[in-house]
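Chains as they are written, first to last, in the numbering used here: chain A, 90 to 504; chain B, 90 to 504.
Note that CB positions come from ideal geometry on N, CA and C, so glycine has one too.
Quick caveat: nothing in here was measured; it's all calculated off a predicted structure.
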């Protein structure tokens with residue numbers, strides 16, 4: 090294992106989270122310390138920044154602002170959704186990357202994101218191997234969706250889960266306050282995997298959560314749902330339902346596209362839009378039951394609420410970035426940093442390395458045996474899994490009553 | 090001024106807030122201390138609980154749980170929307186109240202709410218005076234809308250404003266993260282007064298807020314708005330807009346009822362619904378500009394987010410409840426407790442008493458001179474006004490990573 094001297098480049102990709110910048114801080118601060126890393130660059134808008142030679146010289150940033158990245162939500166360097174074609178199909182982007190890497194002697198490549206981003210990372214890694222360009226490539230996981238394969242959980246999930254569970258508990262207090270009750274529909278992100286919606290079960294575990302929880306892992310039956318919601322409403326005078334945005338019926342049709350005229354929303358190009366599921370379901374429920382209904386979408390707030398983040402998640406996010414650098418300097422390449430939970434009552438997660446080719450594009454869903462058959466929630470297995478991930482409170486330092494987020498100078502690297 | 094010995098009854102009314110229970114704690118804990126107050130009752134669902142003899146004996150509650158009310162959102166005793174007819178029109182409810190008050194020797198009446206609730210409180214006060222039933226009646230203010238007349242501000246507003254400003258700052262980080270930008274519409278509560286939407290200007294003051302802010306105090310011109318939003322989007326690649334749910338055009342038509350098929354949403358009874366304004370506007374903007382758009386509704390979260398409350402607000406809410414009791418015991422009646430701000434750079438508010446007849450049903454709107462003519466925000470006068478109200482952080486004690494809210498026993502008073 091030889092020492093490899095050269096510059097490092099780091100990028101953020103995909104949907105932001107409350108803690109993706111904590112991983113950035115881990116990568117950047119650790120890389121700035123490493124003797125073998127001669128420069129640390131941050132890509133503007135992920136891989137696009139590398140392709141267009143738009144990246145920042147991170148050594149120009151104030152240490153205090155880099156520290157603040159730990160508690161600053163969203164992607165401070167800018168994100169991107171750009172899918173690299175396979176190099177067997179089109180080599181253009183790869184040639185450009187190689188040219189840039191050579192020009193700046195970039196020998197370390199760190200990429201922070203979810204499934205698609207690990208695909209990018211994997212392709213870059215494989216291409217550079219094939220080209221004989223010596224480079225250490227490491228993926229740093231991130232996704233509120235928690236659907237990355239091979240790791241116990243993903244940085245970003247714990248904070249989103251904590252926010253969702255907390256807000257659900259608060260809505261629970263609010264939604265049942267009148268003498269005349271209502272049916273409340275909470276819409277949570279998650280197209281294919283129900284991890285985020287399942288987090289509302291943590292609120293139920295604390296005695297203040299939904300009566301019904303619907304995840305995309307299971308076909309949604311509108312009639313069964315309506316019957317259940319109506320029965321609960323008649324019995325208790327209130328009913329709270331949590332739904333994943335991506336629930337579908339047995340024919341694969343999104344429920345957000347259903348029935349009422351509300352559901353006929355098309356965008357300017359005639360595409361049906363996801364989102365608006367809460368409003369759609371609330372309307373259907375109202376027509377059926379006559380009950381007062383309210384649809385609530387957690388929307389973007391669930392992925393950027395740094396004021397209600399999990400300290401466990403923030404620390405692990407930082408650590409995953411930091412360890413990616415350490416392992417790369419030690420000679421590892423072509424891996425994603427992941428977490429492996431130790432058996433036993435006390436929560437402890439260790440870092441493990443996963444081959445990039447294994448994690449790219451594979452989705453991890455909730456085990457079906459963790460989902461109660463009657464849609465009333467998740468089993469204790471899920472609670473035991475998720476509860477440790479939301480422990481500890483992280484929030485930004487406050488300045489004049491409001492959060493103080495990092496302000497980066499973003500000095501472009503000299504060309 | 091004679092000592093008046095008897096029971097006290099307290100009720101919560103109207104839409105809940107993050108801090109209405111802090112006022113409840115102030116009333117209940119102070120009342121339990123007072124020698125002249127022989128029993129302390131909490132109405133189930135406000136005035137309806139008094140009318141139906143459904144109220145709880147607050148002396149049966151654990152001291153620790155009563156303390157927790159300070160940080161428990163929503164209305165722990167249950168709320169109600171019930172408008173008492175004037176007693177000249179229909180005396181039925183008043184006779185019933187008088188009968189109940191006599192039966193339990195209730196001599197102190199505390200009612201916590203907004204405009205409508207102060208109307209209830211005022212009517213009860215006047216009727217009891219007219220009937221010669223000696224009673225001390227005090228209103229305790231509460232409304233996130235901040236629209237109560239005669240007081241510098243209302244308990245509940247500071248916490249809602251802090252949550253809205255914080256979440257807006259977080260969305261600001263998130264909404265401009267991609268290389269391809271979008272136009273984001275934030276919908277904030279407030280039908281007639283724009284105080285809550287104005288709170289997004291605090292985020293702008295911190296450098297992370299909306300480009301455009303629209304309040305119901307000013308007629309909304311859709312063409313002017315579209316031109317402005319498009320220009321900002323073209324120039325900056327992003328645009329964030331905050332709108333009050335209650336914005337109307339110059340003909341008095343709600344914008345949420347506008348134009349696109351999206352806006353044709355009717356409820357089961359054929360009424361147009363408020364809400365959905367963000368989605369409506371986002372759709373109109375998308376059709377006009379072709380930009381990616383996103384509508385975000387803060388929804389119920391803005392009035393129940395105790396995890397992001399203002400400590401100033403929590404303390405003042407408690408104080409207003411406590412002082413209502415002290416003043417009543419001292420002989421005051423027929424007042425609402427309000428706040429008067431001292432002149433000077435340092436924030437200091439003193440309690441003042443406002444005649445109930447003056448505050449009932451009067452709405453306080455934002456001074457027009459605080460609203461910038463180009464819709465780009467609020468003036469420094471508003472910032473100076475609002476900033477002190479969001480200072481200090483209040484959050485519930487945490488238990489296993491989630492908030493621990495008060496659990497009341499709710500022991501019904503012996504009939």
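Using a 10 Å radius around the Cβ and a threshold of 16 neighbouring Cβ atoms, would you call residue i buried or exposed?
| i | result |
| --- | --- |
| residue 231(A) | buried |
| residue 489(B) | exposed |
| residue 137(B) | buried |
| residue 359(A) | Residue placement at residue 359(A) is flagged as unreliable, the pLDDT there being 40, under the threshold of 50; the coordinate-derived value follows with that caveat. Looking at its Cβ environment, which holds fewer than 16 other Cβ atoms inside 10 Å, residue 359(A) is exposed. |
| residue 259(A) | buried |
| residue 457(B) | exposed |
| residue 293(B) | buried |
| residue 209(B) | buried |
| residue 110(B) | buried |
| residue 98(B) | buried |
| residue 339(B) | exposed |
| residue 235(B) | buried |
| residue 175(B) | exposed |
| residue 105(B) | buried |
Quick check on residue i - is its C-beta less than 9 Å from some C-beta in chain B?
| i | result |
| --- | --- |
| residue 170(A) | yes |
| residue 489(A) | yes |
| residue 105(A) | yes |
| residue 466(A) | no |
| residue 137(A) | yes |
| residue 163(A) | yes |
| residue 390(A) | yes |
| residue 331(A) | no |
| residue 492(A) | yes |
Determine, for residue i, whether the minimum Cβ-Cβ distance to residues of chain A falls below 9 Å.
| i | result |
| --- | --- |
| residue 260(B) | yes |
| residue 278(B) | no |
| residue 210(B) | no |
| residue 385(B) | yes |
| residue 292(B) | yes |
| residue 202(B) | no |
| residue 244(B) | no |
| residue 283(B) | no |
| residue 295(B) | yes |
| residue 363(B) | At residue 363(B), the pLDDT of 40 sits below 50, so the modelled position is not reliable and the matter cannot be decided from this model. |
| residue 167(B) | yes |
Pick helix, strand or coil for residue i, following the three-state DSSP scheme.
| i | result |
| --- | --- |
| residue 236(B) | coil |
| residue 381(B) | strand |
| residue 211(B) | helix |
| residue 482(A) | strand |
| residue 257(B) | helix |
| residue 398(B) | strand |
| residue 97(A) | strand |
| residue 337(B) | strand |
| residue 393(B) | helix |
| residue 106(B) | coil |
| residue 117(B) | helix |
| residue 273(B) | strand |
| residue 168(B) | strand |
| residue 365(B) | coil |
| residue 490(A) | coil |
| residue 477(A) | helix |
| residue 374(A) | helix |
| residue 267(B) | strand |
| residue 441(A) | strand |
Cβ of residue i versus every heavy atom of the ligand NAP: is any distance shorter than 8 Å?
| i | result |
| --- | --- |
| residue 441(B) | The ligand NAP is not among the ligands present in this structure, which contains no ligands whatsoever. |
- What beta strand (DSSP E) runs, 3 residues minimum, are completely inside the segment 180 to 204 of chain A? Entirely contained in the segment 180 to 204 of chain A, the beta strand (DSSP E) runs reaching 3 residues are, in chain order, 195 to 202.
- the segment 431 to 444 of chain B: which residues have C-beta closer than 7 Å to a C-beta of chain A, in chain order? If you check each beta-carbon in the segment 431 to 444 of chain B against every beta-carbon of chain A, none falls closer than 7 Å.
- Task: Using a Cβ-Cβ cut-off of less than 8 Å, list which residues of the segment 247 to 271 of chain A approach chain B; keep chain order.
- Result: So the close ones are 251, 254, 255, 256, 258, 259, 260, 262, 263, 264, 266, 267, 268.
- Residues from the segment 473 to 484 of chain A in contact with chain B, defined by Cβ distance under 9 Å: Within the segment 473 to 484 of chain A, those residues whose Cβ lies closer than 9 Å to any Cβ of chain B are, in chain order, 476, 477, 478, 479, 480, 481, 482, 484.
- Report the residue ranges of all alpha helix (DSSP H) runs contained in full by the segment 126 to 159 of chain B; include only those spanning at least 4 residues, in chain order. As far as the segment 126 to 159 of chain B is concerned, its whole alpha helix (DSSP H) runs of at least 4 residues are 136 to 140, 152 to 157.
- Contact set between the segment 394 to 409 of chain A and chain B, restricted to residues whose Cβ is under 8 Å from the partner: Answer set for the segment 394 to 409 of chain A: 394, 395, 396, 397, 399.
- Unbroken stretches of the beta strand (DSSP E), 3 residues or longer, contained in the segment 399 to 435 of chain A: Taking only runs of at least 3 residues, the beta strand (DSSP E) segments lying wholly in the segment 399 to 435 of chain A are 424 to 430.
- Item | Members of the segment 172 to 183 of chain A near chain B, C-beta cut-off 8 Å | Going along the segment 172 to 183 of chain A in chain order, one finds no residue with a Cβ nearer than 8 Å to chain B.
- Pick out the complete beta strand (DSSP E) segments inside the segment 288 to 347 of chain B, 3 residues or longer, and give them in chain order. Counting whole runs of 3 or more residues, the segment 288 to 347 of chain B contains the beta strand (DSSP E) stretches 301 to 303, 328 to 333.
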